[in-house]
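Enquirer: Protein chains in written order, with our numbering: chain Z, 1274 to 1563; chain R, 12 to 321.
Think of the CB as a built atom: it goes at the ideal place given N, C-alpha and C, for glycine as much as any other residue.
Shown below is the structure under consideration.
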Amino acid sequence: MRVKIEDIKKLEEIAKRLRVKVVKMIGKSGFGHAGGSMSIAELLTCLYFYEMRYDPKNPAWEERDRFVLSKGHAAPIFYAVLSEAGFIPEDILLTIHHPDSPLQCHPDMRLCPGVEVSTGALGQGLSIAVGMALGAKMRKKSFRVYTLMGDGEIQEGQVWEAAMSASKFKLDNLVGIVDYNKLELSGRVEEVMPLEPLYEKWISFGWHVIEINGHSFTQIMNALNMAKNIKEKPTLIIAHTVKGCGVSFMEDKVEWHAVSMTEEQVENALRELGCSQEEIEATLLQMKEG
Amino acid sequence: MSSKIAPREAFGRTLVNLAEKNENIVVLDADLAPSTKVTYFRERFPERFIPVGIAEQNMIGIAAGLSTLGFIPFATTFACFASRRVCDQVTVSCAYPRLNVKIVGAYVGLFVGKNGATHQALEDIAIMRSIANMVVIEPVDAIETEKVVEFACEYDGPVYLRIGRDPMPQIVPSNYSFSLGKGVLLKEGKDVTLISSGALVEDTLKVADNLEKEGISAKVINMSCIKPIDEEIIVKAAEETGSIVTVENHNIIGGLGSAVAEVISEKYPARLKRIGIRDTFGKSGTNEEMKKKFKLTVEDITREIKIFLG
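Below, the structure written as structure tokens:
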């Protein structure tokens, strides 16, 4: 399904459903990366339901656009996207983190349809995306490559090796997105290891850089469209976001990086996300079923 | 004996020959092309040669990405960087998803020109062999290198190739064919079995000759395929000769000696002596200086084995 730019309402509904699914998965599993999933709901919604070309019935379709979730720990919302897009059935979402589940804590390309590459060790996704984009050029393919990185993640040196190479290879078919939610596991990014001046850093590495509000559908869609018109260099979208966005008690709170959720927290989160009493009770029952 | 050829030379030439027929073969270089001999590839197929600069981590990731499009990437550098430097990238970006990436470490063990400890790879086999899904091969001479590179192109999955720097005489027969998981019997013997790989195989054969002169009959095995290892040939050797000696250009912890120890201790307990670098770092110097310094000359090894056999 591809939503038209005028139809933002539909995208809003999808993003809300994704957040609901994340809460249910983490509630049931007793663990999960909540904050960094919630912060990218709008970004993933725009990529998968506005921008990218793919065929869930044929995940290996050669001409498909590629997406690399470099911040692999945001797997809960990624799996929610894959179910929404039709790659995986919705009913397996609650098996997340189980040893026999295709939905491992970090995405496994050999187990889960729609996952292009296995990720989880931070800092490696951009290099892989560079390889895909370079390969597309060598094969004269027109597909585009997108990768989503965490802000803490780009403290990894490999990211900057990859950034250098993407501009050297003139990869205008590559879009990097930084989920700039300002928090990492142990604290505020600016205190742990500051990234600023971030815009200037990417510019100096030879990228075209667009800075947006990562929760604004219009701004995300415009940025993705703009990126297509940039030639001879890759585009980096700095998406300013709020970690935990959509659930007030998670927002901008470092302790909501990787969590378990109490029944009360699940109930409050789902209520805030607009779920019916019936849906909330059914979720709580599923949690109890163990 | 025919003229000596360095495995890296054979590697560089073979890649070009294979790439003439297989347009999926691409080469990545972390600024060591003249040393790893992928310069031949660079000259013949510049459009399929990807220089990434001195950035090995990125090189492994790019190789992983290319492999998802059906390319067969050879990521080339020194063995120390191909293993230690990029251990996590190889593990998570290549081996875990079983991607078709070939990682090539040239300049191995103590024999790295005069580059010394920082550039010597005494840990690469230990690292690579403990990564699930990884195949680990150290071809001994030009002929075996050619066959192993052919194998790597045909095999769908991650492979680590340990490629020697210095000229080697022909060790395997001219009609040699490589089989995954098979050791190569070079010489029969009944009193002791010597198992080696790579640059020390030539000396191991000389050691066997020395032992023969003193009435000790030594079987010699070239264990080029270190993972998966040939359990059958090891168990048979243990049964037939009772004693086994491994001779390796690597730390005796985690390398060929350890791999052989794992097999015999579980399958057929036998006496084992591991000869190699004894858990220490190397030094700079010529190969001959290294052999003297680390007690790996033919005379040193012969003496050690005689003491071991009592």
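Nearest by alpha-carbon distance to Phe1522/Z: which of Ile1511/Z, His1513/Z, Glu1540/Z, Ile1510/Z is it?
Expert: Start at 1 with the first residue of the first sequence, and residue 1522/Z comes out as number 249. That would be Glu1540/Z, whose Cα lies nearest to the Cα of Phe1522/Z.
Enquirer: Alpha carbon to alpha carbon, what distance is there between Ala21/R and Thr1368/Z?
Expert: The count along the first sequence starts at 1 and reaches residue 1368/Z at position 95. The count along the second sequence starts at 1 and reaches residue 21/R at position 10. Going from the Cα of Thr1368/Z to the Cα of Ala21/R covers about 50 Å.
Enquirer: In chain R, which residues lie with their C-beta within 7 Å of the C-beta of Val1451/Z?
Expert: Position 178 of the first sequence, counted from the first residue, corresponds to residue 1451/Z. Going along chain R, no residue has its Cβ under 7 Å from Val1451/Z, so there is no contact; the nearest lies around 17 Å.
Enquirer: Compute the Euclidean distance between the alpha carbons of Glu1545/Z and His1530/Z, then round it to the nearest angstrom.
Expert: In the first sequence, counting from the first residue as 1, residue 1545/Z sits at position 272. In the first sequence, counting from the first residue as 1, residue 1530/Z sits at position 257. The alpha-carbon atoms of Glu1545/Z and His1530/Z are separated by roughly 19 Å.
Enquirer: Would Ser1588/Z count as contacting chain R if we go by Cβ distances under 9 Å?
Expert: Past the edges of chain Z, shown from 1274 to 1563, lies residue 1588/Z, and the structure says nothing about it.
Enquirer: Hey, is Met12/R's beta-carbon within less than 9 Å of any beta-carbon in chain Z?
Expert: The residue labelled residue 12/R in the question sits at position 1 within the second sequence. Interpretation of Met12/R is limited by its pLDDT of 49, a score under 50 that renders its predicted location unreliable; no figure is taken from the coordinates.
Enquirer: So, with DSSP's three-state summary, where would you put Met139/R?
Expert: Here residue 139/R refers to the residue found at position 128 when the second sequence is read from its first residue. Three-state DSSP puts Met139/R in a helix.
Enquirer: Specify the secondary structure class of Met145/R as computed by DSSP and reduced to three states.
Expert: Looking up residue 145/R in the second sequence gives position 134. Met145/R: coil per DSSP, three-state reduction.
Enquirer: With a Cβ-Cβ cutoff of 9 Å, do Ala86/R and Val119/R count as a contact?
Expert: What you label residue 86/R is simply residue 75 of the second sequence in a count that begins at 1. What you label residue 119/R is simply residue 108 of the second sequence in a count that begins at 1. No, Cβ-Cβ distance for Ala86/R and Val119/R is not below 9 Å.
Enquirer: Is the separation between the beta-carbon of Gly1398/Z and that of Pro1329/Z shorter than 9 Å?
Expert: What you label residue 1398/Z is simply residue 125 of the first sequence in a count that begins at 1. What you label residue 1329/Z is simply residue 56 of the first sequence in a count that begins at 1. No, they are not a contact pair.
Enquirer: Verify the CB distance criterion: does Val1448/Z have a CB-CB separation below 9 Å to chain R?
Expert: Here residue 1448/Z refers to the residue found at position 175 when the first sequence is read from its first residue. False, the Cβ-Cβ gap to chain R never drops below 9 Å.
Enquirer: Evaluate Ser104/R with the Cβ neighbour count: other Cβ atoms within 10 Å of its Cβ, from every protein chain shown; 16 or more gives buried, anything less gives exposed.
Expert: The sequence position of residue 104/R within the second sequence is 93, counting from 1. Buried, by the Cβ-count rule.
Enquirer: Please go through the same chain and pick out, in chain order, the residues whose beta-carbon is closer than 6 Å to the beta-carbon of Glu1324/Z, but skip the five residues on each side of it.
Expert: Residue 1324/Z sits at position 51 when you count from the first residue of the first sequence. If we look at Glu1324/Z and ignore the five residues flanking it on each side, its Cβ neighbours are Leu1497.
Enquirer: Using DSSP bridges, identify the partner residues of Tyr279/R.
Expert: Within the second sequence, residue 279/R is the residue found at index 268, counting from 1. The partner list for Tyr279/R (beta bridge, DSSP) is empty, contrary to what the question assumes.
Enquirer: Could you name the residues of chain Z that Ser104/R contacts, counting a contact when the two beta carbons are closer than 7 Å?
Expert: On the second sequence, position 93 is the one that residue 104/R refers to. Gln1397, Ile1401, listed in chain order.
Enquirer: Is Asp167/R buried or exposed, if buried means 16 or more other CB atoms sit within 10 Å of its CB?
Expert: Within the second sequence, residue 167/R is the residue found at index 156, counting from 1. The residue in question, Asp167/R, is exposed, as its Cβ has fewer than 16 Cβ neighbours within 10 Å.
Enquirer: Nearest to Val1276/Z by alpha carbon, out of Ala1439/Z, Thr1508/Z, Thr1491/Z?
Expert: One-based indexing of the first sequence puts residue 1276/Z at position 3. Checked all of Ala1439/Z, Thr1508/Z, Thr1491/Z; the closest Cα to Val1276/Z is Thr1491/Z.
Enquirer: Check each candidate in Trp1433/Z, Asp1452/Z, Cys1319/Z and name the one with the smallest Cα separation from Ile1510/Z.
Expert: On the first sequence, residue 1510/Z is found 237 positions in, with the first residue counted as 1. Checking every option, the nearest Cα to that of Ile1510/Z belongs to Asp1452/Z.
Enquirer: Is DSSP giving His1346/Z helix, strand or coil here?
Expert: Within the first sequence, the letter at position 73 stands for residue 1346/Z. Of the three classes helix, strand and coil, the one that applies to His1346/Z here is helix, per DSSP.
Enquirer: Quick check on Ala1409/Z - is its C-beta less than 9 Å from some C-beta in chain R?
Expert: Looking up residue 1409/Z in the first sequence gives position 136. Yes - at least one Cβ of chain R is within 9 Å of the one on Ala1409/Z.
Enquirer: Under three-state DSSP, which class holds Arg1290/Z?
Expert: On the first sequence, position 17 is the one that residue 1290/Z refers to. If DSSP states are grouped into helix, strand and coil, Arg1290/Z belongs with the helices.
Enquirer: Hey, would you say Lys201/R sits closer than 9 Å to Arg140/R, going by beta carbons?
Expert: Looking up residue 201/R in the second sequence gives position 190. Looking up residue 140/R in the second sequence gives position 129. Contact: no.
Enquirer: Run through the region 1433-1466 of chain Z for me and flag every whole beta strand (DSSP E) of 3 or more residues, listed as ranges in chain order.
Expert: The qualifying runs are 1447-1453.
Enquirer: The beta strand (DSSP E) with Lys1410/Z in it runs from where to where?
Expert: For the purposes of this step, residue 1410/Z is taken as residue 137 along the first sequence, with counting starting at 1. Careful: Lys1410/Z lies outside any beta strand (DSSP E), inside the alpha helix (DSSP H) at 1398-1411.
Enquirer: Starting from the C-beta of Tyr107/R, find all residues in its chain whose C-beta is less than 8 Å away, skip the five residues before and the five after it, and write them out in chain order.
Expert: Looking up residue 107/R in the second sequence gives position 96. Ala143, Asn144.
Enquirer: Can you grab the Cα-Cα spacing for the pair Asp42/R / Thr88/R, in whole Å?
Expert: Indexing the second sequence from 1 puts residue 42/R at position 31. Indexing the second sequence from 1 puts residue 88/R at position 77. Asp42/R and Thr88/R: Cα-Cα distance of roughly 8 Å.
Enquirer: Hey, could you find the ends of the beta strand (DSSP E) Tyr171/R is sitting in?
Expert: Here residue 171/R refers to the residue found at position 160 of the second sequence. That run of the beta strand (DSSP E) goes 170-174.
Enquirer: Whole angstroms are fine: how far does the CA of Ile255/R sit from the CA of Met12/R?
Expert: By 1-based counting over the second sequence, the position of residue 12/R is 1. By 1-based counting over the second sequence, the position of residue 255/R is 244. At Met12/R, the pLDDT of 49 sits below 50, so the modelled position is not reliable and the matter cannot be decided from this model.
Enquirer: Assign Met12/R to one of three DSSP states: helix, strand, or coil.
Expert: Position 1 of the second sequence holds residue 12/R. Any reading at Met12/R is ruled out, since the residue's pLDDT is 49, under 50, leaving its predicted position unreliable.
Enquirer: What does the Cβ neighbour count give for Cys33/R, buried or exposed, with the cut at 16 atoms within 10 Å?
Expert: Here residue 33/R refers to the residue found at position 22 when the second sequence is read from its first residue. First, the amino acid is wrong: residue 33/R is Asn here, not Cys. When all chains shown are included, Asn33/R counts as exposed.
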